[in-house]
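Notes for the one structure printed next.
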DNA sequence: TATTGTTATACTCTATAACTATA
DNA sequence: TATAGTTATAGAGTATAACAATA
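Chains as they are written, first to last, in this note's numbering: chain D, 180 to 328; chain C, 180 to 328.
Written out as structure tokens, the structure is:
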């Protein structure tokens, strides 16, 4: 085992790039496993979490997800078929539709989010309180820079 | 803009969970964009990076990727069709095949890896040298714990 | 004309199940 | 029997292009 871990050297000797890749892998795997436990695909879980904040238009969702509008149609179709979301007309613009959670969707979203949050926090358990705080501050700096130089 | 950022509050006020999710999103987006620049799918780029370390069996790769053997067959089929990898017999076991890089595949792998590494390192540019070192150490701790309590 | 959303089509990635060939 | 790999089939997620309805 451990045959496949690109860039792996000794424990505690990782490149910054490798560290970021492997940390991201941990987060994605955790997200995938948690979604599966809640009988959701990872993308559906993401959709539900966004819709908890309120109804959204298709174009708005597509832009936020970084996918084409056509891809979002399929995504919402499948979520709607599973009874998680519904489409409703937008007063004042007869072209547009709002996507919103059904009751079942809201329940699923809440349960998933709570579970995922707990699991993610556990990732930081190995850090001492002080280091954990520093780590979160560093993440904030990186995220707020947002890859923009 | 910024309409869709679950858990977003004020700049510099993110939950640990939200921070991990958004950092992971940055890394994944960067990986996707870099793959695209090199005319690779993200999964193909990952495959090439693993194969730089040497030939691997199908079962070995499937296990390392956390996917079924059948899924890997398709993955290698497509990479082979694009001339990136090739299959070869394994001396001593006539059931097995080794997957290895072609010359084009090795070139693509090297170019991609160099590019991705640079981009990933840039993510940490906002951190002061000392903070950057602490951040990398923290990532190491998290990864070496590996989500295992 | 521009925007919102959909349909049609195709490709990648993945899983499950059934199969072949070898160990 | 067990293992290595493949084929067949199905579904999710995505893109592009063409379309309808409305603004």
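For glycine and all other residues, C-beta sits at the position ideal for the given N, C-alpha and C. The model shown is predicted, which means the values in this text are computed figures rather than measured ones.
Item: Any chain D beta carbon closer than 8 angstroms to residue 223 (chain C); Value: no
Item: Exposed unless 16 or more other CB atoms sit within 10 angstroms - verdict on residue 304 (chain D); Value: exposed
Item: CA nearest to the CA of residue 255 (chain D), picked from D:273, D:284, D:232, D:270; Value: D:284
Item: Under 7 angstroms from the C-beta of residue 201 (chain C): neighbouring residues of chain D; Value: 322
Item: Continuous beta strand (DSSP E) stretch holding residue 275 (chain D): start and end; Value: 272 to 280
Item: Contact set for residue 281 (chain C): own chain, Cβ-Cβ below 7 angstroms, skip 5 residues either direction; Value: 262, 263, 264, 265
Item: Cβ neighbour criterion (16 or more within 10 Å) applied to residue 198 (chain D); Value: buried
Item: Closest residue to residue 213 (chain C) among C:276, C:312, C:293, C:279 (Cα-Cα distance); Value: C:293
Item: Within-8 angstroms CB hit, residue 219 (chain C) to chain D; Value: no
Item: Cα-Cα separation between residue 245 (chain D) and residue 302 (chain D), rounded to whole angstroms; Value: 27 angstroms
Item: Contained alpha helix (DSSP H) runs [length at least 4] in the segment 292 to 327 of chain D, N- to C-terminal order; Value: 308 to 324
Item: Where residue 264 (chain C) falls: helix, strand or coil (DSSP); Value: strand
Item: Under 8 angstroms between C-beta atoms of residue 355 (chain D) and residue 210 (chain D); Value: An answer regarding residue 355 (chain D) cannot be provided, because it is not within the stretch 180 to 328 covered by chain D.
Item: Residue-level contact to chain D via CB, residue 237 (chain C), 8 angstroms cutoff; Value: no
Item: Interface positions of the segment 265 to 279 of chain D facing chain C (Cβ-Cβ less than 9 angstroms), listed along the chain; Value: none
Item: Chain D within 8 angstroms of residue 291 (chain C), Cβ atoms only; Value: no
Item: Residue 229 (chain D) in three-state terms, based on DSSP; Value: helix
Item: Residue 237 (chain D) and residue 278 (chain D) closer than 8 angstroms at C-beta; Value: yes
Item: Span of the alpha helix (DSSP H) around residue 243 (chain C); Value: 237 to 244
Item: Cβ-Cβ distance between residue 258 (chain C) and residue 251 (chain C) below 8 angstroms; Value: no
Item: Exposure of residue 309 (chain D), with buried meaning 16 or more beta-carbon neighbours within 10 Å; Value: exposed
Item: Unbroken alpha helix (DSSP H) run spanning residue 218 (chain D), endpoints; Value: Segment: none, residue 218 (chain D) is in no alpha helix (DSSP H) and carries neither H nor E.
Item: C-beta atoms of residue 299 (chain D) and residue 196 (chain C) nearer than 8 angstroms; Value: yes
Item: C-alpha gap between residue 183 (chain D) and residue 243 (chain C), whole angstroms; Value: The predicted model places residue 183 (chain D) with a pLDDT of 47, which falls under 50 and marks its position as unreliable; any figure quoted below should be read in that light. Each residue's Cα considered, the two are about 6 angstroms apart.
Item: Residues that DSSP places opposite residue 269 (chain C) in a beta bridge; Value: C:272
Item: Through-space distance from residue 291 (chain C) to residue 206 (chain D), alpha-carbon basis; Value: 23 angstroms
Item: Under 8 angstroms between C-beta atoms of residue 306 (chain C) and residue 322 (chain D); Value: no
Item: Listed by chain order, chain C residues near residue 262 (chain D) by CB distance under 8 angstroms; Value: By Cβ distance, chain C contributes nothing, its closest Cβ being about 22 angstroms from residue 262 (chain D), past 8 angstroms.
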